[in-house]
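2 protein chains.
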Amino acid sequence: MLNFVFDNKTEIIFGKHTESQVGELTKRYGKKVLLHYGSGSIKKYGLYEKITKSLNESNIDFIELGGVVANPKLGLVYAGIELCRKENVDFILAVGGGSVIDSAKAISLGYYYDGDVWDFFSTGKAAEKVLPVGTVLTIPAAGSESSTATVITKEEGELKVGYGSLLLRPKFSILNPEITFTLPNYQTAAGAVDMIGHVMERYFTNTTNVELTDRLCEGIIKTVINNAPLAINDNNNYNARAEIMWSGAVAHNGLIGTGREEDWASHIIEHEISAKYNVAHGVGLAVIYPAWMKYVYKHDLNRFALFANKIFDIEINESNLEETALKGIEALENFYQEIGMPIRFSDLNLDDKHFEEMASKASQGGKVEVGLFVKLNKEDILNIYKLALK
Amino acid sequence: MLNFVFDNKTEIIFGKHTESQVGELTKRYGKKVLLHYGSGSIKKYGLYEKITKSLNESNIDFIELGGVVANPKLGLVYAGIELCRKENVDFILAVGGGSVIDSAKAISLGYYYDGDVWDFFSTGKAAEKVLPVGTVLTIPAAGSESSTATVITKEEGELKVGYGSLLLRPKFSILNPEITFTLPNYQTAAGAVDMIGHVMERYFTNTTNVELTDRLCEGIIKTVINNAPLAINDNNNYNARAEIMWSGAVAHNGLIGTGREEDWASHIIEHEISAKYNVAHGVGLAVIYPAWMKYVYKHDLNRFALFANKIFDIEINESNLEETALKGIEALENFYQEIGMPIRFSDLNLDDKHFEEMASKASQGGKVEVGLFVKLNKEDILNIYKLALK
Chain G
4 MLNFVFDNKT
14 EIIFGKHTES
24 QVGELTKRYG
34 KKVLLHYGSG
44 SIKKYGLYEK
54 ITKSLNESNI
64 DFIELGGVVA
74 NPKLGLVYAG
84 IELCRKENVD
94 FILAVGGGSV
104 IDSAKAISLG
114 YYYDGDVWDF
124 FSTGKAAEKV
134 LPVGTVLTIP
144 AAGSESSTAT
154 VITKEEGELK
164 VGYGSLLLRP
174 KFSILNPEIT
184 FTLPNYQTAA
194 GAVDMIGHVM
204 ERYFTNTTNV
214 ELTDRLCEGI
224 IKTVINNAPL
234 AINDNNNYNA
244 RAEIMWSGAV
254 AHNGLIGTGR
264 EEDWASHIIE
274 HEISAKYNVA
284 HGVGLAVIYP
294 AWMKYVYKHD
304 LNRFALFANK
314 IFDIEINESN
324 LEETALKGIE
334 ALENFYQEIG
344 MPIRFSDLNL
354 DDKHFEEMAS
364 KASQGGKVEV
374 GLFVKLNKED
384 ILNIYKLALK
Chain R
4 MLNFVFDNKT
14 EIIFGKHTES
24 QVGELTKRYG
34 KKVLLHYGSG
44 SIKKYGLYEK
54 ITKSLNESNI
64 DFIELGGVVA
74 NPKLGLVYAG
84 IELCRKENVD
94 FILAVGGGSV
104 IDSAKAISLG
114 YYYDGDVWDF
124 FSTGKAAEKV
134 LPVGTVLTIP
144 AAGSESSTAT
154 VITKEEGELK
164 VGYGSLLLRP
174 KFSILNPEIT
184 FTLPNYQTAA
194 GAVDMIGHVM
204 ERYFTNTTNV
214 ELTDRLCEGI
224 IKTVINNAPL
234 AINDNNNYNA
244 RAEIMWSGAV
254 AHNGLIGTGR
264 EEDWASHIIE
274 HEISAKYNVA
284 HGVGLAVIYP
294 AWMKYVYKHD
304 LNRFALFANK
314 IFDIEINESN
324 LEETALKGIE
334 ALENFYQEIG
344 MPIRFSDLNL
354 DDKHFEEMAS
364 KASQGGKVEV
374 GLFVKLNKED
384 ILNIYKLALK
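Protein sequence lines, in the order shown, are assigned to chains G and R.
Reading the first sequence from the start, the letters are residues 4 to 393 in the numbering used here.
Reading the second sequence from the start, the letters are residues 4 to 393 in the numbering used here.
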């Protein structure tokens, strides 16, 4: 086990009707609030009214900025920073999924910074002061509701880049599973893939003696795999929605990565798909993970066999670990398909014509390797895209 | 799943040599520090020198109060409050196990309060303002290093009572598994029992649809059961010590209780043993748990069978769940014995002469029931003590 710091200061308010507490919670941190949201689905299902009612009841002065899209754009972040400065905003309330929350975090990051907020993403420089952010989560997937991360896409050059800082953890996040009843099944499924991915990035590690976090990882993945089909078959299944929603937050709040090297190759390789084709991140991950697994599993047959056994109850064939490992990968593919996810580029009607460009960008022009479990260069990334073609 | 709030703001600094960061961490919160510790083992093994060196290097002015004993006493808490007020202390650094940390928390609780600090314990009244506390953990067991709880014993009447408040979470806790190399095996084992107990208090619940936290509970218990014997067989086994130390904190930081009713009967029933005989809490729990389980298992055979299966890999006999449940209880007893713990009063050379008095106190003179999984009155508690006799 490696040395680590675990510092997760996001307060989670979880359960039915909890969105009615948003005014009271916001009041602790801000007087002038930016209400940030997406393309309007919060207005369609009545959430907007509940949120603004609660803010008004707490006498909170707020302005609004909607329009966040999947794979949130730098342009809107710039607009948000300008608006917040002009209106002397002291708190950002993000109501939406990971894209809205990531956009809010990026605005909070740029607010006090004199230079271009993209500097943080392009150079990884440390944040020193940010606006506080709170969230009301509508799509369980990204884990941004209690994570340190934000991922923003710069339109020019289709650059999708992540950035992390402890300062970016939301002050509070309200998680009401009922709000997710209206999610399209495709989004529920993509969310499940995303949160499983966040666990896999930690699970596949070269760090040994990480028994506790291995068990926690397995518990989260199994819970998501058990409950995603239930939520899809019955959209109003509160308990299944609750398991998924809490799993998504715990998957990415830092706990399960404690004491271990994390990988993150698959996320970087996927980001190029989202950036190029504007595919939801979870959908892209369903395409990339099986290919990545097939490409790297020989690096640690034991761990892949363990994955097959612990997640899918596949008996470990000690005399043929490779067989067990491959069965595990196949089982994961089957699960993705069962919940309606594509598992190949061809399932998305995409071909290989941008693979070279995407592999080049993922490896920063062939200059860097990605991942820590197995370090992958541009050629490796290209091979993974090819494995995922059809 | 029930509604919940999860708010765990303790920063964990985990790993080798981390105690050297104590000065730097303390400096963030205080200028005049009370260094609080136990009976002197921190001086025996060089930890005291490391801590005071780090505090001095950070130019921190500190005073000392040692002498905390197992089942920490109210008398020393009063002395600590008085000392802190006299010396204008603004931060308490607890270096020790759960007893030292609990004592520090109680001092922090009383510092700003005009009345008797025992009021909080006797009435459960809400804390409004406390001194900040940081910790360097030396005994993994109580989980106090990131919990909201403190348990103090009032000498007069041998009253051992717990109190909880979000304000009592330490600001930071330093966890270096190396510090635990010098622990006597008996203490390592009692710590393992204690942390498993913290999980069991959550695991045995009437709340349904708590799949994620069930899996997390099982992961923690299995990890402790796998690693405690390794640590006892080889005191310097860093990895086993690390698994245990991190498990103890995660077991009691609130995560695994999210969304579920918790029980806590066994803890209350055990507190009377500690208070009466000054037995370590974990030791008392090893005596109480098997008896409690045998007394209540019929309330939910499924859950006890699940416990047997998930923790001890005992195959579930669907046509005789009782058999599976009993095998699980037996396996837990065997584990306790394997690590050198008593499992009956007779193993501690104690008889039944105080059972009536203890049952009366645990039930506040027969006026209250304890536990939520199965509510137990004075008679039930007495029966459990009797079951645990020999």
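Where is the CB? At the ideal position from N, CA and C, for every residue including glycine.
Roughly how many angstroms lie between the CA atoms of residue i and residue j, to the nearest whole one?
{"i": "R/Ile110", "j": "R/Leu171", "result": "11 angstroms"}
{"i": "G/Gln24", "j": "G/Gly18", "result": "11 angstroms"}
{"i": "G/Gly167", "j": "R/Glu60", "result": "31 angstroms"}
{"i": "G/Thr21", "j": "R/Phe310", "result": "32 angstroms"}
{"i": "G/Thr327", "j": "G/Glu318", "result": "7 angstroms"}
{"i": "R/Asn6", "j": "G/Lys370", "result": "49 angstroms"}
{"i": "G/Ala254", "j": "G/Cys220", "result": "8 angstroms"}
{"i": "G/Thr151", "j": "G/Ile104", "result": "11 angstroms"}
{"i": "R/Asp122", "j": "R/Leu77", "result": "12 angstroms"}
{"i": "G/Ile259", "j": "G/Val202", "result": "7 angstroms"}
{"i": "R/Gly41", "j": "R/Tyr48", "result": "13 angstroms"}
{"i": "G/Phe175", "j": "G/Asp10", "result": "14 angstroms"}
{"i": "G/Val98", "j": "R/Ser147", "result": "35 angstroms"}
{"i": "R/Val373", "j": "R/Ser366", "result": "7 angstroms"}
{"i": "R/Lys297", "j": "G/Leu288", "result": "48 angstroms"}
{"i": "R/Tyr280", "j": "R/Gly331", "result": "29 angstroms"}
{"i": "G/Ala193", "j": "R/Asn312", "result": "32 angstroms"}
{"i": "R/Lys132", "j": "R/Asn91", "result": "16 angstroms"}
{"i": "R/Glu14", "j": "R/Gly113", "result": "23 angstroms"}
{"i": "R/Leu351", "j": "R/Lys364", "result": "21 angstroms"}
{"i": "G/Arg347", "j": "G/Ile199", "result": "18 angstroms"}
{"i": "G/Val136", "j": "R/Asp354", "result": "58 angstroms"}
Give a yes or no on whether 9 angstroms exceeds the smallest Cβ distance from residue i to chain G.
{"i": "R/Leu5", "result": "yes"}
{"i": "R/Val133", "result": "no"}
{"i": "R/Tyr40", "result": "no"}
{"i": "R/Leu112", "result": "no"}
{"i": "R/Arg263", "result": "no"}
{"i": "R/Asp197", "result": "no"}
{"i": "R/Arg205", "result": "no"}
{"i": "R/Ser147", "result": "no"}
{"i": "R/Ala234", "result": "no"}
Would residue i pass as an interface residue toward chain R - the criterion being a Cβ-Cβ separation below 9 angstroms?
{"i": "G/Glu318", "result": "no"}
{"i": "G/Leu215", "result": "yes"}
{"i": "G/Ile104", "result": "no"}
{"i": "G/Ile271", "result": "no"}
{"i": "G/Lys53", "result": "no"}
{"i": "G/Gly222", "result": "yes"}
Could you give the residue range of the alpha helix (DSSP H) that holds residue i?
{"i": "R/Leu385", "result": "Lys381 to Leu390"}
{"i": "R/His270", "result": "Ala268 to Tyr280"}
{"i": "R/Val299", "result": "His284 to Val299"}
{"i": "R/Glu22", "result": "No alpha helix (DSSP H) contains R/Glu22, which DSSP labels as neither H nor E."}
Please return the same chain residues whose Cβ sits closer than 8 angstroms to the Cβ of residue i, not counting the five positions on each side in sequence.
{"i": "G/Thr55", "result": "Leu38 and Phe65"}
{"i": "R/Phe3", "result": "As shown, chain R starts at 4 and ends at 393. That puts residue 3 of chain R outside it, with no answer to give."}
{"i": "G/Gln340", "result": "Ile346"}
Helix, strand or coil, according to DSSP, for residue i in the structure here?
{"i": "G/Leu37", "result": "strand"}
{"i": "G/Ser176", "result": "strand"}
{"i": "G/Leu96", "result": "strand"}
{"i": "R/Asp117", "result": "coil"}
{"i": "G/Asp354", "result": "coil"}
{"i": "R/Ala73", "result": "coil"}
{"i": "G/Phe184", "result": "helix"}
{"i": "G/Val8", "result": "strand"}
{"i": "R/Ala130", "result": "coil"}
{"i": "R/Phe376", "result": "coil"}
Since residue i is in the beta strand (DSSP E), which residue starts that stretch and which ends it?
{"i": "G/Tyr166", "result": "Leu162 to Gly167"}
{"i": "G/Gly137", "result": "Val136 to Leu140"}
{"i": "G/Leu68", "result": "Asp64 to Leu68"}
{"i": "R/Thr216", "result": "From DSSP, R/Thr216 is part of no beta strand (DSSP E) but of the alpha helix (DSSP H) over Glu214 to Asn236."}
Cutting at 7 angstroms between CB atoms, please list the residues of its own chain near residue i, excluding the five before and the five after it.
{"i": "R/Asn238", "result": "Phe184"}
{"i": "G/Lys12", "result": "Arg172"}
Ordered along the chain, which non-local residues of its own chain (more than five positions away) have a Cβ less than 6 angstroms from that of residue i?
{"i": "R/Glu246", "result": "Thr226 and Asn230"}
{"i": "R/Asn320", "result": "Glu326 and Thr327"}
{"i": "G/Met395", "result": "The question about residue 395 of chain G has no answer here: the residues shown for chain G are numbered 4 through 393."}
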